[in-house]
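**Q** Read top to bottom, the protein sequences are chains A and B.
Take the first sequence: its position 139, counting from 1, is numbered 138 in numbering that gives the first Met the number 0, and each next residue is one higher.
Take the second sequence: its position 143, counting from 1, is numbered 142 in numbering that gives the first Met the number 0, and each next residue is one higher.
Take a look at this one; I'll ask things after.
There are 2 protein chains.
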Amino acid sequence: MSGNETPEPRWLDDRQQQVWRQWLLAHRELNALISRQLQADGGLSLPDFEVLVALSEAPDRRLRATVLADGMFWERSRLSHQVKRMEARGLVSRIDCEQDRRGAWIGITAEGQAALDKVAPGHVETVRRHLFDRLDEASLEALGRATSAVLDGIDGPEVTYPNTKVS
Amino acid sequence: MSGNETPEPRWLDDRQQQVWRQWLLAHRELNALISRQLQADGGLSLPDFEVLVALSEAPDRRLRATVLADGMFWERSRLSHQVKRMEARGLVSRIDCEQDRRGAWIGITAEGQAALDKVAPGHVETVRRHLFDRLDEASLEALGRATSAVLDGIDGPEVTYPNTKVS
């Protein structure tokens, strides 16, 4: 690697390495637990749930597809496929605006809201049991500071992710 | 909701709600940044990268498909599609064992290792710039404790995720 014009990478030290792995694994594990609960309680996937939460919290309970995609950090094509499947199941509805180049609106249906209401109690219980019940006050504050530091300087998307109180 | 036989859900309080959203957004944002870097530096997707890292760290640089899938918390079918695509690009190779019911082995190829080496410096730089450079020593320790608390009591998968030092 020597002799390159680029400087030697600043490799992580052992502790940083360990924390990084824990960060990734903790997130992955939580997602797996949440996915299982959403599927069991309401037949929803995690992406289904994320879309429904974003829509349920939006003004007039609908969002432009572009705004929704950006808020999820998803490619437009991924959102399009996702919405198509959810539309077929009656969870969301799409309103195309031919005269509006900014694209279609996606809205949550009554059925979508019912699905969300059904999984919400189990969802918050999962998040509590595997995260917040395990953190004392100081750890909660520290986690808040650390995650906030990551987000610092980033333009927040218009859509923020999951409110665990869905009512 | 009253009148149900189930107790009222323990909704998150405002601070927990905020930390939870930050946790999710920080992870999503980091993943988006990492994805962009991997794509730009080596034409790899984040799943490509995760598979390559897991294989590169495994004994003999190969893993059973089942073990790899479990380590990623992926469905077997997802891994199968992913591996098929990576095999077509020469990044991994698959060795089927007909007499062994525990399934095929997946190994990293020299080309796969080269792709990993190529993206590694930019990867660690991205992780540093957006996470570790933003945390002081106390926040690092706190993040370590918080993520460790989430993982506590969980059977670790045989495959742990990304070493950011890939050499």
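Note that beta-carbon positions come from the ideal geometry of N, C-alpha and C, so glycine has one too.
Please read all numbers here as calculations on a predicted model, not as lab measurements.
Does Asp132 (chain B) pass the burial test, meaning 16 or more other C-beta atoms within 10 Å, or should it be called exposed?
**A** In the second sequence, residue 132 (chain B) corresponds to position 133, counting from 1. Exposed, because fewer than 16 other Cβ atoms sit within 10 Å of the Cβ of Asp132 (chain B).
**Q** Using a cut-off of 7 Å between C-beta atoms, extract the partners of Arg25 (chain B) located in chain A.
**A** Taking the first residue of the second sequence as 1, we reach residue 25 (chain B) at position 26. Arg is not the amino acid found at residue 25 (chain B); the sequence shown has Ala there. Ordered by position in chain A, the residues that pass the 7 Å Cβ test against Ala25 (chain B) are Thr146, Val149, Leu150.
**Q** Give the straight-line distance between the Cα atoms of Glu50 (chain A) and Ala57 (chain A), rounded to the nearest whole angstrom.
**A** Start at 1 with the first residue of the first sequence, and residue 50 (chain A) comes out as number 51. Start at 1 with the first residue of the first sequence, and residue 57 (chain A) comes out as number 58. In the sequence as displayed, the identity of residue 50 (chain A) is Val instead of Glu. Those two C-alpha atoms are separated by around 11 Å.
**Q** If you measure beta-carbon to beta-carbon, which residues of the region 120–149 of chain B are closer than 7 Å to chain A?
**A** Per Cβ criterion, the list reads Pro120, Val123, Glu124, Val126, Arg127, His129, Leu130, Phe131, Arg133, Leu134, Ser138, Leu139, Ala141, Leu142, Gly143, Arg144, Ala145, Thr146, Ser147, Ala148, Val149.
**Q** I think Ala141 (chain A) touches Ala145 (chain B), with their Cβ atoms under 8 Å apart; what is that distance to the nearest whole Å?
**A** Counting from 1 along the first sequence, the entry for residue 141 (chain A) is found at position 142. Counting from 1 along the second sequence, the entry for residue 145 (chain B) is found at position 146. Right, their Cβ atoms sit about 7 Å apart.
**Q** With a 10 Å radius around its C-beta and 16 neighbouring C-beta atoms as the bar for buried, classify Gly42 (chain A) as buried or exposed.
**A** In the first sequence, the residue the question calls residue 42 (chain A) occupies position 43. The residue in question, Gly42 (chain A), is exposed, as its Cβ has fewer than 16 Cβ neighbours within 10 Å.
**Q** Which same chain residues, not among the five before or five after Ala103 (chain B), have their C-beta less than 8 Å away from its C-beta?
**A** Indexing the second sequence from 1 puts residue 103 (chain B) at position 104. Excluding positions up to five away in sequence, the list reads Arg63, Ala64, Arg93, Ile94, Asp95, Cys96.
**Q** With DSSP as the reference, label Ser92 (chain B) as helix, strand or coil.
**A** Taking the first residue of the second sequence as 1, we reach residue 92 (chain B) at position 93. Of the three classes helix, strand and coil, the one that applies to Ser92 (chain B) here is strand, per DSSP.
**Q** Using 10 angstroms around the beta-carbon of Gly89 (chain B), count the other beta-carbons present and answer buried if the total reaches 16, otherwise exposed.
**A** Taking the first residue of the second sequence as 1, we reach residue 89 (chain B) at position 90. Result: exposed.
**Q** Are there 16 or more other CB atoms within 10 angstroms of the CB of Ala119 (chain B), so buried, or fewer, so exposed?
**A** Reading the second sequence from its first residue, position 120 is the one you call residue 119 (chain B). With 16 or more other Cβ atoms within 10 Å, it is buried.
**Q** Considering Cα atoms alone, identify which of B:Arg77, B:Gly121, B:Arg20 is closest to Pro6 (chain A).
**A** Taking the first residue of the first sequence as position 1, residue 6 (chain A) is located at position 7. With distances taken between Cα atoms, Pro6 (chain A) lies closest to B:Gly121.
**Q** From the DSSP output, in three-state form, read off Leu62 (chain A) for me.
**A** Locating residue 62 (chain A) in the first sequence gives position 63, counting from the first residue. It is a strand residue.
**Q** What are the start and end residues of the beta strand (DSSP E) that includes Trp104 (chain A)?
**A** On the first sequence, position 105 is the one that residue 104 (chain A) refers to. Its beta strand (DSSP E) spans residues 104–107.
**Q** Let's test the definition: count the other Cβ atoms within 10 Å of the Cβ of Asp47 (chain A) and tell me whether it reaches 16, buried, or not, exposed.
**A** One-based indexing of the first sequence puts residue 47 (chain A) at position 48. By the 10 Å Cβ count, Asp47 (chain A) comes out buried.
**Q** Find out if the Cβ-Cβ distance for the pair Gln167 (chain B), Thr108 (chain B) is shorter than 8 Å.
**A** Residue 167 (chain B) cannot be examined here, being either before or after the span of chain B that is shown, 0 to 166.
**Q** Between Leu54 (chain B) and chain A, is the shortest Cβ-Cβ distance under 8 Å, so that the two count as touching?
**A** One-based indexing of the second sequence puts residue 54 (chain B) at position 55. It does not; no Cβ of chain A falls within 8 Å.
**Q** For the alpha helix (DSSP H) containing Ser138 (chain B), list its first residue and its last residue.
**A** On the second sequence, position 139 is the one that residue 138 (chain B) refers to. Element bounds for Ser138 (chain B): 136–150.
**Q** In whole angstroms, what is the alpha-carbon distance linking Val82 (chain B) and Leu24 (chain A)?
**A** The count along the second sequence starts at 1 and reaches residue 82 (chain B) at position 83. The count along the first sequence starts at 1 and reaches residue 24 (chain A) at position 25. Approximately 21 Å between the Cα atoms of the pair.
**Q** Please work out which residues of its chain come closer than 6 Å, Cβ to Cβ, to Leu134 (chain B), disregarding the five sequence neighbours upstream and downstream, and give them in chain order.
**A** In the second sequence, counting from the first residue as 1, residue 134 (chain B) sits at position 135. Excluding sequence neighbours, Leu134 (chain B) sits near nothing in its chain.
**Q** Nearest-angstrom Cα distance between Ala39 (chain B) and Glu110 (chain B)?
**A** If you number the second sequence from 1, residue 39 (chain B) lands on position 40. If you number the second sequence from 1, residue 110 (chain B) lands on position 111. Answer to the nearest angstrom: the Cα atoms are 17 Å apart.
**Q** Residues of the region 61–72 of chain A with a CB closer than 9 Å to any CB of chain B: list them in chain order, please.
**A** Of all residues in the region 61–72 of chain A, Met71, Phe72 have a Cβ within less than 9 Å of some Cβ in chain B.
**Q** In the structure shown, what three-state DSSP assignment does Ser79 (chain A) receive?
**A** Taking the first sequence and counting its residues from 1, one reaches residue 79 (chain A) at position 80. In this structure, Ser79 (chain A) counts as helix in the three-state DSSP scheme.
**Q** For the alpha helix (DSSP H) that Asp47 (chain A) lies in, which residues bound it at each end?
**A** Within the first sequence, numbered from 1, the residue matching residue 47 (chain A) stands at position 48. Taken as a continuous stretch (DSSP letters only), the alpha helix (DSSP H) holding Asp47 (chain A) covers 45–56.
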